[in-house]
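Following: one structure in structure tokens, then a few remarks.
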Amino acid sequence: MKKILIYLVRGYQRFISPAFPPSCRYYPTCSNYMIKAIQTHGALKGTVMGTARILRCHPFVKGGIDYV
Numbered sequence: 142m143k144k145i146l147i148y149l150v151r152g153y154q155r156f157i158s159p160a161f162p163p164s165c166r167y168y169p170t171c172s173n174y175m176i177k178a179i180q181t182h183g184a185l186k187g188t189v190m191g192t193a194r195i196l197r198c199h200p201f202v203k204g205g206i207d208y209v
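Heads up: the sequence shown begins at 142 in my numbering, then just goes up one per residue.
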């Protein structure tokens, strides 16, 4: 399951993300954070952590470094 989720995120990074200007306010980027969270914490918890990170990433937040 982890490999499938990581494959989907990598597909997003390769095919969808280049069509939009860079806008992630965090380091690492939200998609890289999701991959690392899935690798570190497993499919379920990693996906929840990555989704929460994406929901926090908007123009009204300062951003910064956010390690997994």
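Built from N, CA and C at the ideal position, the CB exists for glycine as well.
Close Cβ partners of Met-142 (< 8 Å) along its chain, the five nearest in sequence each way excluded
Numbered from 1 along the sequence shown, position 1 holds the residue referred to as residue 142. Cβ neighbours of Met-142 beyond the five flanking positions: Ala-184.
If I follow the unbroken alpha helix (DSSP H) through Thr-181, where does it start and stop?
Working through the sequence shown from its first residue, we reach residue 181 at position 40. Residues 171-182.
Buried versus exposed call for Tyr-174 [16 or more other C-beta atoms within 10 Å across all chains shown]
Here residue 174 is taken as the residue at index 33 of the sequence shown, counted from 1. Buried, because 16 or more other Cβ atoms sit within 10 Å of the Cβ of Tyr-174.
Tell me the DSSP secondary structure of Gly-187 in three-state form.
By 1-based counting over the sequence shown, the position of residue 187 is 46. In the three-state scheme derived from DSSP, where H, G and I count as helix and E and B as strand, Gly-187 is classed as helix.
Under DSSP, the alpha helix (DSSP H) around Lys-144 begins and ends at which residues?
On the sequence shown, position 3 is the one that residue 144 refers to. Residues 143-152.
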